[in-house]
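Participant:
There are 2 protein chains.
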Amino acid sequence: MSEYRAPVKDMRFVMDELAGFKELSSFPGFEEATVDMADAILEESARFSGEVLAPLNRTGDKEGCKLTASGVTTPNGWKEAYAQYRDAGWNGMTSPAEFGGQGLPDTLGIAVKEMLCSANMAFSLGPLLTTGAVEALLTCASDELKAIYLEKMISGEWTGTMNLTEPHAGSDLALIRSRAEPQADGSYKVFGQKIFITYGDHDMTENIVHLVLARLPDAPAGVKGISMFLVPKFMVNGDGSLGARNDAYCVSIEHKLGIHASPTCVMAYGDNGGAIGYLLGEPNRGLEYMFIMMNEARLGVGLQGIALGERAYQQALGYARDRKQGRDAVTGEALVTIDKHPDIRRMLMLMKSRVEACRAMAYYTSGLLDRAHVLADAEERKKALYLAEFMIPIVKGGGTEMGIEVTSLGVQIYGGMGFIEETGAAQHWRDSRITTIYEGTTGIQANDLLFRKLMRDQGATAKIVFGEVYATAKALGASGKPELQAIGQRLGVALKAWTEATEWLAANAKTGLGGVLTAAVPYLHLAVTVCGGWFMGKAALAAAGYLDKEEGDQAFYRNKIATARFYADQMLPQANAYAATVMAGDAAIAGLGSELFDA
Amino acid sequence: MSEYRAPVKDMRFVMDELAGFKELSSFPGFEEATVDMADAILEESARFSGEVLAPLNRTGDKEGCKLTASGVTTPNGWKEAYAQYRDAGWNGMTSPAEFGGQGLPDTLGIAVKEMLCSANMAFSLGPLLTTGAVEALLTCASDELKAIYLEKMISGEWTGTMNLTEPHAGSDLALIRSRAEPQADGSYKVFGQKIFITYGDHDMTENIVHLVLARLPDAPAGVKGISMFLVPKFMVNGDGSLGARNDAYCVSIEHKLGIHASPTCVMAYGDNGGAIGYLLGEPNRGLEYMFIMMNEARLGVGLQGIALGERAYQQALGYARDRKQGRDAVTGEALVTIDKHPDIRRMLMLMKSRVEACRAMAYYTSGLLDRAHVLADAEERKKALYLAEFMIPIVKGGGTEMGIEVTSLGVQIYGGMGFIEETGAAQHWRDSRITTIYEGTTGIQANDLLFRKLMRDQGATAKIVFGEVYATAKALGASGKPELQAIGQRLGVALKAWTEATEWLAANAKTGLGGVLTAAVPYLHLAVTVCGGWFMGKAALAAAGYLDKEEGDQAFYRNKIATARFYADQMLPQANAYAATVMAGDAAIAGLGSELFDA
Chain A
1 MSEYRAPVKD MRFVMDELAG FKELSSFPGF EEATVDMADA ILEESARFSG EVLAPLNRTG
61 DKEGCKLTAS GVTTPNGWKE AYAQYRDAGW NGMTSPAEFG GQGLPDTLGI AVKEMLCSAN
121 MAFSLGPLLT TGAVEALLTC ASDELKAIYL EKMISGEWTG TMNLTEPHAG SDLALIRSRA
181 EPQADGSYKV FGQKIFITYG DHDMTENIVH LVLARLPDAP AGVKGISMFL VPKFMVNGDG
241 SLGARNDAYC VSIEHKLGIH ASPTCVMAYG DNGGAIGYLL GEPNRGLEYM FIMMNEARLG
301 VGLQGIALGE RAYQQALGYA RDRKQGRDAV TGEALVTIDK HPDIRRMLML MKSRVEACRA
361 MAYYTSGLLD RAHVLADAEE RKKALYLAEF MIPIVKGGGT EMGIEVTSLG VQIYGGMGFI
421 EETGAAQHWR DSRITTIYEG TTGIQANDLL FRKLMRDQGA TAKIVFGEVY ATAKALGASG
481 KPELQAIGQR LGVALKAWTE ATEWLAANAK TGLGGVLTAA VPYLHLAVTV CGGWFMGKAA
541 LAAAGYLDKE EGDQAFYRNK IATARFYADQ MLPQANAYAA TVMAGDAAIA GLGSELFDA
Chain B
1 MSEYRAPVKD MRFVMDELAG FKELSSFPGF EEATVDMADA ILEESARFSG EVLAPLNRTG
61 DKEGCKLTAS GVTTPNGWKE AYAQYRDAGW NGMTSPAEFG GQGLPDTLGI AVKEMLCSAN
121 MAFSLGPLLT TGAVEALLTC ASDELKAIYL EKMISGEWTG TMNLTEPHAG SDLALIRSRA
181 EPQADGSYKV FGQKIFITYG DHDMTENIVH LVLARLPDAP AGVKGISMFL VPKFMVNGDG
241 SLGARNDAYC VSIEHKLGIH ASPTCVMAYG DNGGAIGYLL GEPNRGLEYM FIMMNEARLG
301 VGLQGIALGE RAYQQALGYA RDRKQGRDAV TGEALVTIDK HPDIRRMLML MKSRVEACRA
361 MAYYTSGLLD RAHVLADAEE RKKALYLAEF MIPIVKGGGT EMGIEVTSLG VQIYGGMGFI
421 EETGAAQHWR DSRITTIYEG TTGIQANDLL FRKLMRDQGA TAKIVFGEVY ATAKALGASG
481 KPELQAIGQR LGVALKAWTE ATEWLAANAK TGLGGVLTAA VPYLHLAVTV CGGWFMGKAA
541 LAAAGYLDKE EGDQAFYRNK IATARFYADQ MLPQANAYAA TVMAGDAAIA GLGSELFDA
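For the record, the sequence lines run as chains A and B.
Okay, so the first sequence: first residue is 1 according to full-length UniProt numbering, each after it adds one.
Okay, so the second sequence: first residue is 1 according to full-length UniProt numbering, each after it adds one.
1) Report yes if the C-beta distance between A:Pro96 and A:Val374 is below 9 Å; otherwise report no.
2) Can you tell me which of the three DSSP states A:His210 falls into?
3) With a Cβ-Cβ cutoff of 9 Å, do B:Leu42 and B:Leu104 count as a contact?
4) Give, in chain order, every residue of the region 433-467 of chain B whose Cβ lies closer than 9 Å to some Cβ of chain A.
5) If we cut at 9 Å on Cβ distances, does A:Gly101 have a partner in chain B?
6) Please determine if the region 579-598 of chain A and the region 592-599 of chain B are in contact, where contact requires at least 3 C-beta pairs separated by less than 8 Å.
7) Would a check of beta-carbon distances place B:His168 closer than 9 Å to chain A?
8) Could you name the residues that DSSP lists as bridge partners for B:Gly277?
9) Measure from the C-beta of B:Tyr523 to each C-beta in chain A and report whether the shortest distance is under 9 Å.
10) Which of helix, strand or coil does DSSP assign to B:Ala320?
11) Which word fits B:His210, buried or exposed, when buried means at least 16 other C-beta atoms lie within 10 angstroms of its C-beta?
12) Residues of the region 253-273 of chain B in Cβ contact with chain A at a cutoff of 9 Å, in chain order, please.
13) Are the region 9-20 of chain B and the region 359-366 of chain B in contact at 8 Å, needing three or more beta carbon pairs?
14) Smallest Cα separation from B:Met193: which of B:Pro220, B:Gly186, B:Asp247?
15) If you measure beta-carbon to beta-carbon, which residues of the region 335-350 of chain A are closer than 9 Å to chain B?
16) Quick check on B:Glu503: does DSSP put it in helix, strand or coil?
17) Taking Cβ-Cβ distances shorter than 8 Å, what residues in chain A pair up with B:Ile420?
18) Whole-angstrom Cβ separation of A:Gly277 and A:Cys140, contact assumed at under 8 Å?
19) So, with DSSP's three-state summary, where would you put residue 625 of chain A?
20) What are the residues that DSSP puts in a beta bridge with A:Pro232?
21) Does any residue of chain A have a CB that is nearer than 9 Å to the CB of B:Lys9?
22) Using a cut-off of 9 Å between C-beta atoms, extract the partners of B:Asn576 located in chain A.
23) B:Met267 by DSSP, collapsed to three states: which one?
24) Excluding five sequence neighbours on each side, which residues of the same chain lie with their C-beta closer than 8 Å to the C-beta of A:His168?
25) Please tell me whether B:Asn39 has its Cβ less than 9 Å away from any Cβ of chain A.
26) Contact defined as beta carbons within less than 8 Å: I believe A:Gln445 pairs with B:Thr441. What is the distance between those atoms, to the nearest angstrom?
27) Kindly list the residues whose CB is nearer than 7 Å to the CB of B:Val35, restricted to its own chain and excluding five residues on each side of it in sequence; keep chain order.
28) Counting only Cβ-Cβ distances shorter than 8 Å, please list the residues of the region 384-408 of chain A near chain B, keeping chain order.
29) Could you tell me which uninterrupted alpha helix (DSSP H) segments, each at least 4 residues in length, are contained entirely in the region 84-161 of chain B, listed from first to last along the chain?
30) For residue 639 of chain A, would you say it is in contact with chain B, using Cβ-to-Cβ distances shorter than 9 Å as the test?
31) Three Cβ pairs or more, each shorter than 8 Å: is that satisfied between the region 391-398 of chain A and the region 555-568 of chain A?
32) Tell me which residues of the region 514-544 of chain B have at least one Cβ-Cβ distance to chain A shorter than 7 Å, keeping chain order.
33) Suppose contacts are defined by Cβ-Cβ distances below 9 Å. Is B:Met267 in contact with B:Ile195 by that definition?
34) Less than 8 Å separating the Cβ of B:Glu503 from some heavy atom of the ligand PLP?
35) Can you pull the chain A neighbours of B:Gly415, defined as C-beta to C-beta under 7 Å?
36) Could you check what DSSP says for B:Ile392 in three-state terms: helix, strand or coil?
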């Protein structure tokens with residue numbers, strides 16, 4: 001079993017230097033988010049994640065969840081760990097104080113979330129879904145529903161779920177068939193089957209609050225006829241105590257490739273007369289409410305890729321520093337630990353640099369989301385939100401695809417032992433595989449980036465990003481330091497590829513839609529690659545500043561510059577390749593139908 | 001469960017147009033390898049693989065192997081399938097007629113092997129290992145041992161294993177500690193523990209022939225003191241009947257990420273007094289003998305990546321043609337099957353084109369190995385062998401890394417269902433993960449390409465390859481057909497990147513070893529990428545010829561050209577990126593020790 005030690009130093013560096021955390025405490029509502037507070041929280045979170053959650057990661061994978069006559073049971077230790085999590089108040093960290101939360105910024109919350117997920121992804125999904133449900137209630141629930149449910153969900157006394165998918169309705173939510181019948185008392189009876197419901201049932205809390213997408217009787221077809229309902233597992237009495245069992249049951253759980261300890265439920269609503277539910281917000285606006293939560297949810301899933309990559313990196317590094325094989329090819333030293341072998345060093349550095357690049361992107365985006373709430377000026381808030389929304393498909397698509405590749409390198413460093421489940425390296429890779437699928441596949445992220453985030457303001461937000469990348473490349477070039485100039489040179493070339501590909505897309509968006517859609521994912525990879533270089537470049541500049549001033553942990557800053565340059569050498573050259581592929585569009589296969597795939 | 005239909009049409013196209021199969025029947029010994037014979041064999045192999053082996057793939061994965069008091073038991077149906085495999089004579093297809101084999105060319109055998117592996121990789125490993133052991137005996141066994149063992153191993157009545165790895169000796173075989181004590185009767189007693197022994201024990205045959213690497217008492221340290229021993233599970237009497245149980249036992253089996261139905265054994269030799277074994281060949285030359293088999297073994301593992309990619313492609317295609325989600329973005333048609341969506345088309349084409357490119361490389365290499373045996377002229381034989389040996393790390397490294405990526409795309413096309421084990425898509429991805437590790441990791445393939453295959457003749461073989469790639473690019477350019485010219489243009493650019501990177505390596509091999517070693521894997525990827533384009537370019541030229549002549553399956557040839565161009569657009573631009581990374585060497589991290597990895 002591998003240990004997990006939260007990378008607090010890098011987290012703090014990214015928060016302070018790249019995500020603007022320090023400035024946040026000057027905004028109304030964030031006064032408590034001081035550096036001292038952050039240090040205390042991160043220290044305690046690192047302890048909890050490393051000591052309580054990390055040891056359960058492998059045992060939970062092995063044991064999995066079980067569906068019994070009385071519902072889903074979680075693996076040994078899960079209930080106790082959840083109780084600790086809840087009692088320590090972790091659940092409400094970034095929720096509003098009005099309902100018992102601590103109201104801290106997401107820029108701090110994201111580091112805590114990363115730790116939870118690195119330590120134990122399957123565990124972290126329960127709280128993640130609950131947070132999503134809390135946001136939905138904050139957005140659209142009536143004051144009455146808020147009063148009944150929010151405090152207990154924010155404290156973690158109850159958990160929440162999101163019920164979108166049906167067997168025939170995955171990425172295409174227009175096909176949802178679940179229905180809700182209005183009752184005389186203003187409630188609804190909900191009927192339908194939902195699949196892939198994370199923590200749809202479990203034994204960690206007394207109640208579960210399901211948010212369910214369903215259609216009202218008179219609803220229009222398609223996505224504009226979907227409403228959102230709150231369906232509790234147990235009805236709640238006026239005094240807050242639990243009442244009757246509601247007609248909402250987990251009827252089976254999936255046998256999955258990964259995250260075995262996270263119950264993925266098939267939920268049956270209304271098989272015994274109707275599940276009592278309450279309309280959230282207005283009729284037919286369910287999808288819209290869902291999309292409001294989507295920013296946080298997608299950022300959270302991108303973070304999962306980062307968190308698993310970090311865990312895999314730590315584990316592979318531990319093994320490489322311990323395992324002895326072969327001679328040092330350069331010095332000739334006999335029987336060295338494998339972290340001395342250049343190809344193992346290459347893999348470890350790829351893991352490290354790609355995780356750090358994506359972490360910076362994700363935390364920066366969190367910083368933007370905080371600013372979108374607290375900035376005084378409405379224009380500035382909108383600008384921050386647009387920037388954040390531009391970054392979100394990049395973080396989600398990039399973080400998750402990176403997570404799969406980096407956890408795979410973790411297996412590779414272990415060699416044959418990586419293929420043995422007891423090692424635990426393979427689990428990270430298996431767990432990672434869902435992240436490019438749920439909360440919108442990579443293809444959906446790419447379309448979101450292209451057709452929504454890039455085109456909705458005719459590239460205005462993209463131009464802001466391009467300008468910042470350009471400024472970073474320029475600052476690196478002007479630094480007078482060869483190691484930074486090398487990064488700046490590659491970043492400049494990569495940015496040119498990104499802008500050219502963007503221009504090609506804009507020029508072809510109307511007349512060559514098939515080509516543009518074929519180019520969407522390569523374009524996403526291009527954006528991820530360049531943004532990674534941008535943030536590593538900024539990190540290198542910040543690190544160089546501290547080295548010049550001889551302030552702080554000099555070894556950390558030297559490593560940061562080497563890591564940034566490694567990223568530039570290994571990853572940034574791919575920008576031109578992606579751009580070439582983008583601009584090839586679908587020329588090779590345009591006009592050919594599905595017969596193309598026949599052998 | 002998914003079906004498997006062997007891609008006989010593409011296999012025959014590759015054999016005939018790219019691997020020179022047709023010419024082989026004109027060589028002494030291969031007279032029977034006619035086109036008609038090949039058609040009959042491939043048809044029957046396709047039937048056996050599709051009908052007998054493929055249905056056992058998922059059930060075998062689910063059930064796995066078990067270690068009982070009487071040894072390892074394979075999953076339900078395994079014994080019966082193996083009996084059919086053996087009785088039909090598949091095992092001896094390419095083995096010498098002198099010992100009961102059919103003596104057919106590898107260029108035909110490779111297609112049959114691909115089918116076995118696509119249908120059921122876990123099953124195919126038993127025969128693969130047996131073939132390796134047969135080759136070892138052919139290379140170095142005494143006539144007496146050959147007489148006792150070869151015929152039964154070639155017929156498949158007995159299987160064979162290869163015992164290299166020990167817990168402390170994985171990639172570094174110099175560390176092997178197993179030992180062999182000479183006995184008065186000329187035999188040896190073998191002592192030691194071996195791990196990761198594929199089909200080290202099973203219930204499909206009455207006997208198992210273990211080839212074990214061990215040290216003689218007076219052996220020199222390191223790799224030059226390793227000898228090879230034959231250790232039967234049951235002793236063999238003079239009349240060929242089985243005698244006493246030998247002291248060679250499976251003491252545990254591994255719980256693995258994939259290939260669950262292939263027993264991976266920890267073997268204990270000599271725990272009860274000594275396992276009786278026989279020296280193969282001369283003392284201390286065991287590793288050398290092992291390396292003679294390495295060509296076939298590594299080609300076989302490269303083929304596994306291709307075979308799994310093909311299976312995953314067929315499965316994903318079947319799903320994509322069935323699953324309806326969303327509107328056709330281009331035509332506006334409502335609720336279409338997902339194979340209409342551009343990003344799904346992109347993924348399917350990536351799968352198809354990468355599998356076909358690697359298949360062509362692998363079969364071409366097989367054609368070279370056949371020629372290295374049958375060509376009349378010794379110089380020509382050596383040239384064919386050197387070319388084959390140059391290609392082998394490219395096929396092994398490229399086929400296996402491709403297999404992981406392509407099976408991952410298969411999961412992605414399934415969306416959420418891909419993460420559910422019942423679908424079977426995830427199994428291909430899990431199964432593929434071992435292929436970049438065993439028979440030499442990708443890093444070891446890269447070093448083999450660089451330090452052995454590229455440098456041993458000062459780049460002479462590489463220059464032959466470069467010349468052929470150049471000729472292909474030129475022919476594409478001279479074709480007068482825009483779709484071929486587009487491929488030729490990209491291939492020319494990619495070749496330039498490959499030659500430049502090769503020159504950089506040659507120039508730095510002595511003075512910058514750390515950088516060259518860091519560049520090895522990116523260089524391997526570069527070689528794979530360009531070679532893929534080379535073969536797809538040749539395939540497109542051949543296809544265009546048949547289109548011009550209006551001969552044969554015109555749809556197949558049109559698809560082949562589209563597939564080749566798709567490969568060129570999506571994959572070839574990466575050549576420049578890899579070259580840039582190669583030439584960056586280890587500049588970013590040179591001089592930094594393991595403290596570099598600290599957070």
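C-beta: ideal position from N, C-alpha, C; glycine also.
Facilitator: Based on what the coordinates show:
1) no
2) strand
3) no
4) Arg433, Ile434, Thr436, Ile437, Tyr438, Thr441, Thr442, Gly443, Ile444, Ala446, Asn447
5) no
6) no
7) yes
8) B:Tyr188
9) no
10) helix
11) buried
12) Glu254, His255, Lys256, Leu257, Gly258, Ile259, Thr264
13) yes
14) Met is not the amino acid found at residue 193 of chain B; the sequence shown has Gln there. Answer by Cα proximity: B:Asp247.
15) Leu335, Thr337, Ile338, Asp339, Lys340, His341, Pro342, Asp343, Ile344, Arg345, Arg346, Met347, Leu348, Met349
16) helix
17) Glu254, His255, Lys256, Leu257
18) About 14 Å separates the two Cβ atoms, so there is no contact after all.
19) The first residue shown for chain A is 1 and the last is 599, placing residue 625 of chain A beyond what the model contains.
20) A:Val209
21) yes
22) Pro573, Asn576, Ala577, Ala580
23) strand
24) Leu175, Arg177
25) Residue identity differs from the one stated: residue 39 of chain B is Asp in this sequence, not Asn. Taking Cβ atoms only, chain A never reaches closer than 9 Å to B:Asp39, which makes this a no.
26) Their Cβ separation, rounded to whole angstroms, is 32 Å, which puts A:Gln445 and B:Thr441 out of contact at 8 Å.
27) Lys22
28) Ile404, Ser408
29) 106-119, 121-140, 143-155
30) In the structure as shown, chain A starts at 1 and stops at 599, and residue 639 of chain A therefore has no counterpart that could be examined.
31) no
32) Gly514, Leu517, Thr518, Ala520, Val521
33) yes
34) With respect to the ligand PLP, the structure shown offers nothing to examine, as it has no ligands at all.
35) Gly170, Ser171, Ile437, Thr441
36) helix
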